[in-house]
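Engineer:
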Amino acid sequence: MYPAIYVLHGPTFYKQYEGFWSDPENSPTAWIALLFAILRIAMLDYLREGDEPVEWEGKCHDLASTYRNRFTDCLLIADYTQPQEFLIEALIMHQYGEYVGTRDAKSSMWVLSGMLVRLAMRMGYHQESQPNLPCSPFQIEMRRRAWAFIRQCDILVSFQMGLPSMITPRLLEAPLPRNIHDDDSFNEDCSILPPALPDSEPTQVSYLIAKAKLAFGLARALDEITGSDPIGWERILEIDRELRQIYDNVPNYYKIGQLSTEDSLVLVSCRFVLSSIHHKSLCTVHSRFLEIAKFDSKFIYSRRVCLTSAMSILRFQAIQNQEIPVDGGLRSLTNYQTSLAIHDYLLAATILAADLSSSNSENATNQQPLPGVPTRSEMIKALRLSAQIFGQMQNQSMEAYKAADVLDMLVRKFEGGDQNYMRGSKGPQNLGQGPVSKSNIMRPPHVSSKRQTLLSSSSDIPNKSPIISLSSGINLDFAGHKSTQQPSRTPSRLAQSTSSEYLATKRPGTIESSSFDILTSWPQLQDSGYGAPGTFIPQMFPELESSADWITPDRADMSTSIMEEGNSSGPDSSANTQGISYSTSLALTDPMSTLWNLTS
């Protein structure tokens with residue numbers, strides 16, 4: 001079973017399954033619905049892997065549809081509006097089947113998530129215990145697993161749809177399930193739960209726990225930055241630190257740090273999912289400071305974090321669409337990309353496009369390249385590669401089809417550098433003429449002044465009007481140019497890299513002298529047992545995600561260090577900002593290196 005939906009106790013389910021075949025008439029209808037939902041997921045997995053059994057070859061799609069219909073029949077017969085055993089678990093499996101069955105965001109997922117939340121609350125899943133509902137320790141623990149999944153699903157799906165979450169932040173504080181194995185010490189007959197294992201000990205529920213913590217951190221951040229009360233700059237830095245600490249506590253085996261042919265495809269996919277949640281949380285918190293950072297060097301930190309996180313997400317997209325060493329060979333994660341992953345890519349692309357579209361101001365403080373901040377050419381090349389990947393997915397996703405067109409158009413405009421093409425429908429503007437005052441900095445007319453972020457300085461920035469769009473699609477109108485050549489919608493096969501040098505990078509120091517996401521890759525080992533079983537692949541990424549201390553400077557020193565960096569000049573100041581360049585950190589030595597050589 002996929003780790004994200006590990007809400008069932010394996011030994012107990014198999015026992016119930018055997019009892020069903022022994023006496024099917026006495027099996028609860030809701031449990032039969034659960035069985036049909038699981039069978040549907042199995043058929044969808046066969047389709048996703050492209051490895052249908054011989055006896056079901058060409059039939060898995062029809063069987064998945066049939067099992068879905070039978071699931072619906074069972075729920076209607078059982079009257080799913082009434083509390084009953086196995087109902088919540090059956091709906092969880094059904095929701096996962098709906099989720100992996102398409103790569104496009106569907107509003108029905110949000111509606112289904114809301115129904116699942118209400119039914120679970122009616123059955124008391126949001127409460128630790130109920131006097132009128134005595135539960136055994138085993139039942140309480142299994143309810144915790146189900147409620148953890150429901151909470152994170154509500155958060156992520158609501159964020160994807162750009163709609164409010166239906167679970168209040170107070171309910172996020174409910175206890176998470178214990179990190180325990182489903183062995184003989186934990187079964188339906190146990191009177192005392194076994195002690196929780198350390199987070200570093202992998203179990204069947206480790207991924208569910210880690211993903212829930214990251215999702216809860218995102219929900220708490222969203223609740224603060226979108227609330228009615230103004231939020232200060234110091235609090236933004238505290239939220240940033242909290243998000244990094246949450247990811248720092250994720251077990252190392254779920255962090256993107258190294259690839260091995262002994263790792264399973266599912267494990268590698270889980271690592272990318274967790275890292276993407278972390279990076280999009282940072283993007284969401286800091287995206288509102290993209291514009292102001294160009295005029296006030298105090299907020300350069302937010303611009304650096306937002307852009308580097310967006311670049312990391314697009315880099316994940318590139319890596320997942322090539323063959324990587326897992327499962328004793330080379331495999332691709334292309335079929336494991338869901339609608340949530342596509343939404344993350346669109347979010348990252350929107351952030352980069354928004355920054356590129358407003359880079360015509362000649363008075364921006366980031367006119368000179370800053371350490372750790374991607375340059376204009378780097379961001380354009382990242383968007384170009386993303387557009388090519390979306391073009392390859394256009395037959396599987398309508399959102400990818402639209403994104404390929406939009407990004408292709410934007411890249412051609414950005415590459416042309418049309419200085420008269422600016423955002424908005426009121427015609428071209430020229431922000432490069434005349435002085436830029438802080439009172440003229442990008443305050444949307446529909447945002448009231450009392451809802452603005454309170455800053456420690458006198459600068460005003462939009463608090464309730466983020467730069468990014470949280471909807472599943474892209475509707476951008478950014479700066480660009482006319483192109484004399486229309487690129488093909490379906491790119492040719494990616495060129496193989498001729499470089500075999502492994503980029504060994506040391507652990508960065510303080511933020512002033514390094515970039516955030518220094519992403520190196522594995523060496524090219526095709527000629528030396530690459531992909532052989534047991535072959536260890538060196539680090540694809542550095543240890544940057546193993547600790548948050550070196551990433552976020554102390555808040556007391558934040559303003560001073562960033563102001564010095566933004567206003568530095570001369571040999572003395574530049575000496576303090578040297579470090580591994582962003583271009584060097586993105587130079588891959590894998591088959592995608594020719595596309596990720598951002599300095600060419």
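Residue 1 is where the sequence shown starts when you use UniProt numbering, and the numbers rise one by one after that. From the three backbone atoms N, C-alpha and C, an ideal C-beta is built for every residue, glycine too.
Could you tell me whether the Cβ atoms of Leu172 and Glu89 are closer together than 8 angstroms?
Structural biologist: Here the question's residue 172 lines up with position 172 in the sequence shown. Here the question's residue 89 lines up with position 89 in the sequence shown. No; because the gap between Cβ atoms is not below 8 angstroms, this pair is not in contact.
Engineer: By the 10 Å Cβ neighbour count, where 16 or more other Cβ atoms means buried, how is Trp21 classified, buried or exposed?
Structural biologist: Working through the sequence shown from its first residue, we reach residue 21 at position 21. Trp21 comes out exposed.
Engineer: How close, in whole Å, do the beta carbons of Met93 and Leu63 come, if the pair is a contact with beta carbons under 8 angstroms?
Structural biologist: The residue you call residue 93 lines up with position 93 of the sequence shown. The residue you call residue 63 lines up with position 63 of the sequence shown. Contact flag wrong, Cβ pair sits at about 16 angstroms.
Engineer: In the DSSP output, what is Leu330 paired with across the bridge?
Structural biologist: Mapped onto the sequence shown, residue 330 falls at position 330. Pro325, per the DSSP bridge assignment.
Engineer: Nearest to Ala353 by CA position, among Tyr301, Arg412 and Val266, is which residue?
Structural biologist: Residue numbering aside, residue 353 sits at position 353 when the sequence shown is read from its first letter. When only C-alpha atoms are compared, the closest one is Arg412.
Engineer: Does DSSP classify Ser339 as helix, strand or coil?
Structural biologist: Sequence index remark: in the sequence shown, residue 339 carries index 339 (1-based). Helix.
Engineer: What do you reckon, are the CB atoms on Ser165 and Ile155 nearer than 8 angstroms?
Structural biologist: By one-based count along the sequence shown, residue 165 stands at place 165. By one-based count along the sequence shown, residue 155 stands at place 155. Yes; because the gap between Cβ atoms is below 8 angstroms, this pair is in contact.
Engineer: Under DSSP, the alpha helix (DSSP H) around Gly10 begins and ends at which residues?
Structural biologist: If you number the sequence shown from 1, residue 10 lands on position 10. Gly10 -> alpha helix (DSSP H) spans Gly10 to Ser22.
Engineer: May I ask which residues mark the beginning and end of the alpha helix (DSSP H) holding Asn69?
Structural biologist: Within the sequence shown, the letter at position 69 stands for residue 69. Taken as a continuous stretch (DSSP letters only), the alpha helix (DSSP H) holding Asn69 covers Cys60 to Ala78.
Engineer: May I ask you to report which of helix, strand or coil DSSP gives Ser136?
Structural biologist: Counting from 1 along the sequence shown, the entry for residue 136 is found at position 136. Three-state DSSP puts Ser136 in coil, outside helix and strand.
Engineer: Keeping to the same chain, check which residues put their C-beta closer than 6 angstroms to that of Met123; ignore five residues upstream and five downstream.
Structural biologist: The residue given as residue 123 occupies position 123 in the sequence shown. Once the five neighbours on either side are set aside, the close Cβ partners of Met123 are Pro83.
Engineer: Rounded to whole angstroms, what is the Cα-Cα separation between Glu25 and Ala4?
Structural biologist: For the purposes of this step, residue 25 is taken as residue 25 along the sequence shown, with counting starting at 1. For the purposes of this step, residue 4 is taken as residue 4 along the sequence shown, with counting starting at 1. Cα to Cα, Glu25 sits roughly 31 angstroms from Ala4.
Engineer: Below 8 angstroms, can you find three or more Cβ-Cβ pairs linking the segment 318-333 to the segment 260-274?
Structural biologist: Yes, the segment 318-333 touches the segment 260-274.
Engineer: Express the C-alpha separation of Arg144 and Leu176 in angstroms, rounding to a whole number.
Structural biologist: By one-based count along the sequence shown, residue 176 stands at place 176. By one-based count along the sequence shown, residue 144 stands at place 144. Cα-Cα distance, rounded: 6 angstroms.
Engineer: Measure how close the beta-carbons of Gly217 and Ile246 come, nearest whole angstrom, since I'm counting them as under 8 angstroms.
Structural biologist: Residue mapping note: residue 217 aligns to position 217 of the sequence shown, counting from 1. Residue mapping note: residue 246 aligns to position 246 of the sequence shown, counting from 1. About 4 angstroms separates the two Cβ atoms, so the contact holds.
Engineer: Which class does Ser260 belong to by DSSP, given the choice of helix, strand or coil?
Structural biologist: Here residue 260 refers to the residue found at position 260 when the sequence shown is read from its first residue. Here Ser260 sits in strand by DSSP.
Engineer: Which of the three DSSP states is assigned to Ser276 in this structure?
Structural biologist: Your numbering for residue 276 matches position 276 in the sequence shown. In this structure, Ser276 counts as helix in the three-state DSSP scheme.
Engineer: Using the C-alpha atoms, what's the distance from Val117 back to Trp110?
Structural biologist: On the sequence shown, position 110 is the one that residue 110 refers to. On the sequence shown, position 117 is the one that residue 117 refers to. Taking the straight line from one Cα to the other gives about 11 angstroms.
Engineer: Please classify Ile5: does DSSP put it in a helix, a strand, or coil?
Structural biologist: Working through the sequence shown from its first residue, we reach residue 5 at position 5. The answer is helix: DSSP assigns Ile5 an H, G or I state.
Engineer: Hey, which unbroken runs of the alpha helix (DSSP H) at 4 residues or more fall wholly within the segment 199-272?
Structural biologist: Listed in chain order, they are 206-225 and 233-248.
Engineer: Assign Leu76 to buried or exposed, taking buried as 16 or more other Cβ atoms, counted over all protein chains shown, within 10 Å of its Cβ.
Structural biologist: Translated into the one-based positions of the sequence shown, residue 76 becomes position 76. Looking at its Cβ environment, which holds fewer than 16 other Cβ atoms inside 10 Å, Leu76 is exposed.
Engineer: Apart from the five residues on each side of it in sequence, which residues of its chain come closer than 8 angstroms, Cβ to Cβ, to Phe36?
Structural biologist: Taking the first residue of the sequence shown as position 1, residue 36 is located at position 36. Closer than 8 angstroms at Cβ, skipping near neighbours: Tyr67, Arg68, Arg70, Phe71 and Cys74.
Engineer: Does the Cβ of Lys294 have 16 or more other Cβ atoms within 10 Å, making it buried, or fewer, making it exposed?
Structural biologist: Here the question's residue 294 lines up with position 294 in the sequence shown. It counts as buried.
Engineer: Give me the Cα-Cα distance between Tyr96 and Lys298, rounded to the nearest whole angstrom.
Structural biologist: Position 96 of the sequence shown, counted from the start, is the residue given in the question as residue 96. Position 298 of the sequence shown, counted from the start, is the residue given in the question as residue 298. C-alpha separation (whole angstroms): 43 angstroms.
Engineer: Roughly how many whole angstroms lie between the Cα atoms of Lys280 and Asn187?
Structural biologist: Indexing the sequence shown from 1 puts residue 280 at position 280. Indexing the sequence shown from 1 puts residue 187 at position 187. Distance between the alpha carbons of Lys280 and Asn187 is about 38 angstroms.
Engineer: Suppose the cutoff is 6 angstroms on Cβ atoms and the five residues either side in sequence are ignored; what does the same chain contact list for His286 look like?
Structural biologist: Here residue 286 refers to the residue found at position 286 of the sequence shown. Closer than 6 angstroms at Cβ, skipping near neighbours: Ser302, Val305 and Cys306.
Engineer: Please go through the segment 81-133 and give each complete alpha helix (DSSP H) segment of 4 or more residues, from N-terminal end onward.
Structural biologist: Listed in chain order, the complete alpha helix (DSSP H) runs (minimum 4 residues) inside the segment 81-133 are 87-100 and 107-122.
Engineer: Considering only their Cβ atoms, is the gap separating Ile351 from Ala310 smaller than 8 angstroms?
Structural biologist: For the purposes of this step, residue 310 is identified with residue 310 of the sequence shown, where counting begins at 1. For the purposes of this step, residue 351 is identified with residue 351 of the sequence shown, where counting begins at 1. Yes, they are a contact pair.
Engineer: Check the C-beta distance from Ile140 over to Ala215 and give it rounded, since I have them as a contact under 8 angstroms.
Structural biologist: Counted from its first residue, the sequence shown places residue 140 at position 140. Counted from its first residue, the sequence shown places residue 215 at position 215. Going by Cβ atoms, the distance from Ile140 to Ala215 rounds to 22 angstroms, so no, they are not a contact pair.
Engineer: How about Leu91 and Leu47: are their beta carbons less than 8 angstroms apart?
Structural biologist: As a working mapping, residue 91 is identified with position 91 in the sequence shown. As a working mapping, residue 47 is identified with position 47 in the sequence shown. Going by C-beta atoms, Leu91 is not nearer than 8 angstroms to Leu47.
Engineer: What is the DSSP secondary structure of Asn187, reduced to helix, strand or coil?
Structural biologist: Stepping through the sequence shown from its first residue, residue 187 is reached at position 187. Correct three-state label for Asn187: coil.
Engineer: Leaving out five residues before and five after Ala221 in sequence, what residues of the same chain have Cβ atoms less than 7 angstroms from its Cβ?
Structural biologist: Here residue 221 is taken as the residue at index 221 of the sequence shown, counted from 1. So the list reads Ile239, Leu243, Ser281, Thr284 and Val285, once near-sequence residues are dropped.
Engineer: Leaving aside the five residues before and after Lys15 along the sequence, list all residues of the same chain whose C-beta is less than 6 angstroms from its C-beta, in chain order.
Structural biologist: Position 15 of the sequence shown, counted from the start, is the residue given in the question as residue 15. Hits under 6 angstroms: none found.
Engineer: Have a look at Asn252 and Ala348 and give me their C-alpha separation to the nearest angstrom.
Structural biologist: On the sequence shown, position 252 is the one that residue 252 refers to. On the sequence shown, position 348 is the one that residue 348 refers to. Cα to Cα, the separation comes out at about 25 angstroms.
Engineer: Asn179 to Leu208, Cα distance in whole Å?
Structural biologist: Within the sequence shown, numbered from 1, the residue matching residue 179 stands at position 179. Within the sequence shown, numbered from 1, the residue matching residue 208 stands at position 208. Each residue's Cα considered, the two are about 10 angstroms apart.
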